[in-house]
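Residue numbers (numbering that gives the first Met the number 0): 0 to 567.
Yeah, the Cβ is synthetic: ideal placement off N, Cα and C, and Gly gets one too.
To start, the structure under review is shown below, and the notes come after it.
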Amino acid sequence: MLHVRKGRGTHGGDHAAKRGRVPAPFHNCSHLLTARAMSQKHPDRRTFAIISHPDAGKTTLTEKLLVAGGAIHIAGEVKARGAARRARSDWMKIEQQRGISVTSSVMTFEHQGLVFNLLDTPGHEDFSEDTYRTLTAVDSAVMVIDAAKGIEPQTLKLFEVCRLRSVPIITFINKVDREGQTPFELLDEVADRLALDVCPMNWPAGMGGQFEGIYDLVDPALMVPGGDASRMYEGERIAVEGLADPTLAARLSPRALASLEEETELASACYAPFDGAAYRNGDLTPVFFGSALKEFGVVDLLAGLATHAPGPQPQPAEPAPVQPDDDAVTGFVFKVQANMNPAHRDRIAFMRLCSGKFERGMRLMQGGTGKAIAISRPMLFLAQDREMAEEAFPGDIIGIPNHGTLRVGDTLSERSDIMITGLPNFAPELLRRVALVDPTKTKQLRKALDDMAEEGIIQVFYPEIGSNMIVGVVGQLQLDVLISRLDAEYKVEAKLEQSPWDTARWIASDDAAALKAFQADNRGAAATDRDGAPVFMAKDAWEVGYVTQRNPSIRFTATKERVFASAG
Ligand code: G4P
């Protein structure tokens, strides 16, 4: 059922700019990141992530974007990850999966004079705070939707995180080469469930078995299939004057042309025209139909990112937001990856640069501690490689090897008075009690849990009553990773036991006496997190609601930002 949303046409003037094209199949692009592009200033960065539900085609699209962007030559490089990720039954596989995701946490490539930084968001069951936090380090996102399935639960969760931060989203409706829902059903679902204006940028001429190509609504052209039945890909791009152009009648079947005419006319009456400001505010999503597998719509998506996606944005901070134009170098750690080499306890902290021109060897202040750290071996991640980062600009991601000094959420800056905010901890959805098989290993267990909490894999809570620590996670795989790593890395044998609680909320109040009284009344459910912040553990969401209602002077929050005593 079609919902009429807007009475204006689809063809906004903002996006009429001609976009550079890469001929398909696009396997012959240069892939070297040139010193020229890397040394351009910040407006030339596009730092983004792809969000999707498992199996929507994120891995395939990532690979095809990297090929289209000239970052990799051979299709298949990223694809292996899909299978590796799905294999998660034993330690070796988890290790393998982690190893693979390390090298591809960030992929940087240059295309059309822009530097694209694509950040990996683990999309399978290993959904964790890590995923959420990665989204704090991007300036925009691409949301991939399976044309047959529409919006799925994980898409929705990730979308909500983007919305919290008003991250602009480009939608890619994938698998149009398969039978799916109609374009109208899909667009209306996005509009209704995500409360976004939608603006189709192209339109499929038939879908599934009747797919004959894609029509560009912005810069009128028809993309027709190349190759043969065994390997179809986006072939020729035929520029046309509009739908009445006789070329269309020559290239499409009468049925496909008739429905393309009818549907696009209806679409132009139904959906919002493109509005760059609404997109950048997170109120409108441009939508590209395509097939990652068959490479349809991928070049257009990349061009859409280049043309419309914002460059580095200001970053929330205390005492004032960090502007990309600020001279002082400031960045924050959004991810820490341990175990890149199990023989050494080395870690890589991934820092998103927010302002200033970073140069290798710089000494940056670790916010909250006042310590200065010399960044002598910063790494830059290319799709298939990594190299020393001699310099970096706002929007860039650099890897900083360290021995555990850097934590997720840390600010690194030339200034001593600045603290990046907005890197929350999220309320866990599973709480488990950790029971040691050998009770003499308490110290090792604490250290292990602390390390993993630092990486954002788990959260640790210390109950007021009892000596067992409680771990909190967002997804089951985090628990599997926890047990494997306890055993393999820390030689600690532990069991996870059911706890009486399933969720937790951070608690605070302007009335210190009321907070104290609440904690005393609920001692059995009171705990502190690893920063010492008070937490209330609840059986379920219903209990959270009930207790919240009965204690109006207490604030119960599902997220917590790290708080430091002083920013100096
Ligand atoms: P994910 O990272 O989001 O989990 O998805 P992934 O790219 O791994 O894709 C999931 C499945 O969907 C894969 O099939 C992939 O080939 C297929 N796929 C992705 N894009 C398209 C598309 O545009 N059209 C069609 N028809 N299929 C697409 P699989 O059978 O699970 O894996 P594989 O055997 O192909 O590796």
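* To do: Assuming PHE380 contacts THR107 (C-beta within less than 8 Å), just tell me the rounded distance between them.
  => Mapped onto the sequence shown, residue 380 falls at position 381. Mapped onto the sequence shown, residue 107 falls at position 108. Yes, PHE380 and THR107 are in contact; Cβ-Cβ is about 6 Å, under 8 Å.
* To do: For VAL321, collect the residues of the same chain with a Cβ closer than 6 Å to its Cβ; drop the 5 residues on either side in sequence, then sort them by chain order.
  => Indexing the sequence shown from 1 puts residue 321 at position 322. For VAL321, same chain residues with a beta-carbon under 6 Å away, outside a window of 5 residues either side, are GLN314, THR329, CYS353, SER354 in chain order.
* Whole angstroms is fine: what's the gap from THR547's alpha carbon to ARG504's? => On the sequence shown, residue 547 is found 548 positions in, with the first residue counted as 1. On the sequence shown, residue 504 is found 505 positions in, with the first residue counted as 1. C-alpha separation (whole angstroms): 10 Å.
* **Alpha-carbon spacing of ARG554 relative to ALA516, whole angstroms** => Against the sequence shown, residue 554 aligns to sequence position 555. Against the sequence shown, residue 516 aligns to sequence position 517. Going from the Cα of ARG554 to the Cα of ALA516 covers about 14 Å.
* To do: Please report how far the alpha carbon of SER258 lies from the alpha carbon of PRO199, in whole angstroms.
  => Position 259 of the sequence shown, counted from the first residue, corresponds to residue 258. Position 200 of the sequence shown, counted from the first residue, corresponds to residue 199. Between SER258 and PRO199, the alpha-carbon positions lie close to 16 Å from each other.
* Asked: Hey, quick one: how far does the alpha helix (DSSP H) through GLU542 stretch, first residue to last?
  -> Reading the sequence shown from its first residue, position 543 is the one you call residue 542. Run containing GLU542: 540-549, per the alpha helix (DSSP H) assignment.
* Quick one: measure Cβ to Cβ for GLU233 and LYS174, integer angstroms, because I've assumed they're closer than 8 Å. => Position 234 of the sequence shown, counted from the start, is the residue given in the question as residue 233. Position 175 of the sequence shown, counted from the start, is the residue given in the question as residue 174. Contact doesn't hold; Cβ gap of about 14 Å is too wide.
* Give a single yes or no on whether ALA147 has its beta carbon closer than 6 Å to a heavy atom of the ligand G4P. => Residue 147 sits at position 148 when you count from the first residue of the sequence shown. Not so, every heavy atom of the ligand G4P lies at least 6 Å from the Cβ.
* What do you get for TYR270, buried or exposed, if any count of 16 or more other CB atoms within 10 angstroms of its CB means buried? -> Against the sequence shown, residue 270 aligns to sequence position 271. Result: buried.
* Rounded to whole angstroms, how far is the Cβ of ALA55 from the Cβ of ASP145, which I believe are closer than 8 Å? -> Mapped onto the sequence shown, residue 55 falls at position 56. Mapped onto the sequence shown, residue 145 falls at position 146. Yes, ALA55 and ASP145 are in contact; Cβ-Cβ is about 4 Å, under 8 Å.
* Asked: Near LEU195, which residues of its chain fall below 7 Å by C-beta distance, leaving aside the five closest residues on each side in sequence?
  -> Indexing the sequence shown from 1 puts residue 195 at position 196. Beyond the five residues adjoining it in sequence on each side, LEU195 comes within less than 7 Å, by CB distance, of VAL189, ASP282, LEU283, THR284 in the same chain, given in chain order.
* **Any non-hydrogen atom of the ligand G4P closer than 6 Å to SER104 Cβ** => Counting from one through the sequence shown, the residue named residue 104 turns up at place 105. No, Cβ of SER104 sits at least 6 Å from all heavy atoms of the ligand G4P.
* Every unbroken alpha helix (DSSP H) inside the region 224-271 [4 residues or more] -> The qualifying runs are 245-250, 253-269.
* Asked: Can the beta-carbon of PRO219 be found less than 7 Å from the beta-carbon of PHE288?
  -> For the purposes of this step, residue 219 is taken as residue 220 along the sequence shown, with counting starting at 1. For the purposes of this step, residue 288 is taken as residue 289 along the sequence shown, with counting starting at 1. With contacts defined as CB atoms closer than 7 Å, PRO219 and PHE288 fail to qualify as a contacting pair.
* Which word fits ALA327, buried or exposed, when buried means at least 16 other C-beta atoms lie within 10 angstroms of its C-beta? -> Within the sequence shown, residue 327 is the residue found at index 328, counting from 1. By the neighbour-count rule (16 or more Cβ atoms within 10 Å), ALA327 is not buried but exposed.
* Selected residue, minimal CA-CA separation from GLY149, among GLY112, ARG132, HIS52, VAL223 -> The residue labelled residue 149 in the question sits at position 150 within the sequence shown. If you compare the alpha carbons of GLY112, ARG132, HIS52, VAL223 with that of GLY149, the shortest gap goes to HIS52.
* Asked: Distance, Cα to Cα, TYR214 vs MET222?
  -> Counted from its first residue, the sequence shown places residue 214 at position 215. Counted from its first residue, the sequence shown places residue 222 at position 223. Their backbone Cα atoms lie some 6 Å apart in a straight line.
* Provide the residue span of the alpha helix (DSSP H) that contains ALA276, from first to last. => Within the sequence shown, the letter at position 277 stands for residue 276. For ALA276, the enclosing alpha helix (DSSP H) covers residues 275-279.
* Would you kindly work out how many angstroms separate the C-alpha atoms of MET451 and LEU118, rounded to a whole number? => Your numbering for residue 451 matches position 452 in the sequence shown. Your numbering for residue 118 matches position 119 in the sequence shown. Each residue's alpha carbon lies about 21 Å from the other.
* Asked: For LYS148, which of helix, strand or coil comes out of DSSP?
  -> As a working mapping, residue 148 is identified with position 149 in the sequence shown. In the three-state DSSP reduction, LYS148 falls in the coil class, being neither helix nor strand.
* Can you tell me whether DSSP reads LEU422 as helix, strand or coil? -> Here residue 422 refers to the residue found at position 423 when the sequence shown is read from its first residue. Look at LEU422 here: in three-state DSSP terms it is coil, with no helix or strand label.
* Inter-residue spacing [alpha-carbon to alpha-carbon] between GLU488 and GLN153 -> What you label residue 488 is simply residue 489 of the sequence shown in a count that begins at 1. What you label residue 153 is simply residue 154 of the sequence shown in a count that begins at 1. Looking at the two C-alpha atoms, the distance is approximately 31 Å.
* Asked: With contact counted as at least three CB pairs below 8 Å, one residue from each stretch, are the region 162-178 and the region 239-249 in contact?
  -> The way I'd put it, the region 162-178 doesn't touch the region 239-249; fewer than three beta-carbon pairs between them come closer than 8 Å.
* Asked: By Cβ distance, which residues of its chain are closer than 8 Å to GLY208, with the 5 residues on each side in sequence left out?
  -> Counted from its first residue, the sequence shown places residue 208 at position 209. Short of 8 Å from the beta carbon of GLY208, and not among the five residues preceding or following it, lie these beta carbons of its own chain, in chain order: GLU178.
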